[in-house]
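**Q** Residue numbers for the sequence shown follow the UniProt record's numbering, so the first one is 1 and each next one is one higher. Glycine included, C-beta positions come from ideal geometry on N, C-alpha and C.
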Amino acid sequence: MALRSIDSQMLGNGPTLSCESQHGECGETTPSRLLKRQRSSDKMQEKRKKSRQDSAAEPAPSCPLLVALREYGLLENVLSCLCPDDLLALLLCSKSIYQTLVPQPGSLENLLGKLRCSGKGVRIRRERHVKSSFFYAYECSEYVECGAIDGVAESRPCTNCKVTTCNECRIHCVYQSIFEKPCEDDELPNYSGFILLSPSEIPILSPHHLKDNLTTPQWQAPSPATSAPYHDQGFIDVPLEEESFGPPECVDDFLDLNLGTCTFAGSVASNVAHPSPVLRSLYQTTEGRKRRFCNNHLPSGIPKQRKDLSVHQCQCSLRSRFLDRWLCLRCYENEDTTLRKTYVDHVAQCCCGSTHVREICMWCFGEISQPHTEEAQPDSENSLDERSA
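1) Please report how far the alpha carbon of asparagine 258 lies from the alpha carbon of arginine 321, in whole angstroms.
2) I want to see whether chain C comes within less than 8 Å of valine 102, judged by CB atoms only; does it?
3) Mind the definition here: the stretch 286-293 touches the stretch 120-128 only if three or more C-beta pairs lie below 8 Å; say whether that holds.
4) Can you check whether the CB of cysteine 352 is closer than 8 Å to the CB of leucine 297?
5) By Cβ distance, which residues of its chain are closer than 8 Å to lysine 120, with the 5 residues on each side in sequence left out?
6) Express the C-alpha separation of leucine 82 and leucine 74 in angstroms, rounding to a whole number.
7) Distance, Cα to Cα, tyrosine 332 vs phenylalanine 235?
8) Would you please state the rounded distance, in angstroms, between the beta carbons of leucine 210 and proline 248? I believe it to be under 8 Å.
9) Taking the C-alpha atoms as reference points, what is the distance between residue 415 and aspartate 186?
10) Leaving out five residues on either side along the sequence, give the residues of the same chain with a beta carbon under 7 Å from the beta carbon of residue 390.
11) Answer with buried or exposed for phenylalanine 254, where buried requires no fewer than 16 other C-beta atoms within 10 angstroms of its C-beta.
12) What three-state label does DSSP hand glycine 193 in the structure shown?
13) Rounded to whole angstroms, what's the CA-CA distance from threonine 337 to cysteine 63? Just pull it up for me.
14) Within a Cβ cutoff of 6 Å, which residues of the same chain sit near histidine 372, ignoring the five residues on either side of it in sequence?
15) According to the Cβ coordinates, are tryptophan 326 and arginine 156 closer than 8 Å?
16) Roughly how many whole angstroms lie between the Cα atoms of valine 102 and glutamate 242?
17) Would you please state the rounded distance, in angstroms, between the beta carbons of valine 163 and glycine 193? I believe it to be under 8 Å.
18) Would the beta-carbon of proline 239 fall within 8 Å of that of isoleucine 202?
19) Using DSSP with H/G/I as helix, E/B as strand and the rest coil, what is glutamate 127?
20) Using DSSP with H/G/I as helix, E/B as strand and the rest coil, what is isoleucine 97?
21) Grab me the residues of tryptophan 219's own chain with a C-beta within less than 6 Å of its C-beta, minus the 5 sequence neighbours each way, in chain order.
22) With three or more C-beta pairs closer than 8 Å as the rule, is the stretch 134-151 touching the stretch 90-104?
23) Are the CB atoms of cysteine 117 and threonine 159 within a distance shorter than 8 Å?
24) I need the straight-line Cα distance from histidine 346 to leucine 214, nearest angstrom please.
25) For glutamate 333, report the span of its alpha helix (DSSP H) as first-last.
26) So valine 357 and cysteine 364 are supposed to be a Cβ contact under 8 Å. How far apart are they, rounded?
27) Any idea what DSSP makes of residue 397, helix, strand or coil?
28) For tyrosine 175, which of helix, strand or coil comes out of DSSP?
29) Based on the DSSP secondary-structure assignment, which residues constitute the bridge partners of glutamine 313?
30) Can you tell me whether DSSP reads leucine 205 as helix, strand or coil?
31) Can the beta-carbon of valine 130 be found closer than 8 Å to that of proline 199?
32) Note down the Cα distance separating leucine 279 from leucine 66, rounded to an integer number of angstroms.
33) What residues match up with proline 157 in a beta bridge as DSSP calls it?
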């Protein structure tokens, strides 16, 4: 009985003692492990937070490019080697570069004026100007090079887009770009070129050809690093591939012609076409700026161009419109396209059909005083016969 009671007592109490002795209190095992894991997670979060704070406090490694761009002298050297497309690509690289180069709105205009010319004007000229058959029949040479390549042509920011543009990539009234060597030593070389972006090649005579001003140096062949082409100089003649006739015209005379009171339409003789084939391209350009309005349909914005709220007199000239404004050829094309689309129903007459109209210049929004484009010019402005005799 004693053994049986002892065994039963051991059997009854054994599992309890064994559980307590080996594992301690069984009910506390799982919560104890969970608490340890939670404490470990908190420590990791604190460690990561401290690491982030330390990394934020440490200065970030500086970019060598940003350091160079912050130095104005280095920035000028970098920009002098870039074209507008290169600058655009650089600005789009990162936000940091953009903020460094353009910290305020006026900074972009300053950057554009320090770039090198892109040569787009020369490409436009080569696309629009068509050399005549005489260029290929004789030993002629063409000089159309961007100033960024040869370094001779002057460069300035475009009046409109502010992008650096060389003298060869801007608009000119007369481009002298083709040269023919003289056949004999006592002969003068021949020159030719183009009017604005007109495709027809025209002869260009130097002052020595017409003995107009023998005190000036003789024209030389344009070449890199020595002499530039003679734009907007000399005398222009009838396009080479036209069979019509017209007297040569002095470039200086028609550059300063007051287009508010005069026109290129007049002819100097009955046997000369109207307008003269020599001035036809200029005539089309200057006539294209004119729009006709009656008083009832005069645009409200036109009188506001002046403080006295009245339509002022047009005093435009080719020089003031094209040469005094350093305008790149891309902006010239954009202006010409915009002009062609402006008040198209007022080109020939007012949209209402009224015969009592005002001619308004779309270049300056001033009134043109001559009643008709067909009126003849004075001989002193059109004819060079007396001057060259």
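**A** On the basis of the supplied data:
1) 11 Å
2) The chain labelled as chain C is not found in the depicted structure, where only one protein chain is given.
3) no
4) The residue asked about is misnamed: residue 297 is histidine in this sequence, not leucine. Yes, the pair counts as a contact, with Cβ atoms nearer than the cut-off.
5) Cys169, Cys328, Leu329 and Arg330
6) Answer to the nearest angstrom: the Cα atoms are 13 Å apart.
7) 24 Å
8) 7 Å
9) The structure shown does not extend to residue 415, since the chain is modelled only from 1 through 389, so no value can be given for it.
10) Look at the range of the chain in this structure, 1 to 389, and you will see that residue 390 is not part of it.
11) buried
12) strand
13) 45 Å
14) Residue placement at histidine 372 is poorly supported in this model, since its pLDDT is 47, which falls under 50; the coordinates are not used for a value here.
15) yes
16) 53 Å
17) The Cβ separation is near 25 Å, so there is no contact.
18) Yes, Cβ-Cβ distance for proline 239 and isoleucine 202 is below 8 Å.
19) helix
20) helix
21) Ser206 and Tyr230
22) no
23) no
24) Histidine 346 and leucine 214: Cα-Cα distance of roughly 48 Å.
25) 329-340
26) With 8 Å as the limit, valine 357 and cysteine 364 do not qualify as a contact, their Cβ atoms being about 18 Å apart.
27) Limits of the chain in this structure are 1 at one end and 389 at the other, which puts residue 397 out of reach.
28) Note: tyrosine 175 maps to strand in three-state DSSP.
29) Glu367
30) strand
31) yes
32) 55 Å
33) Thr164
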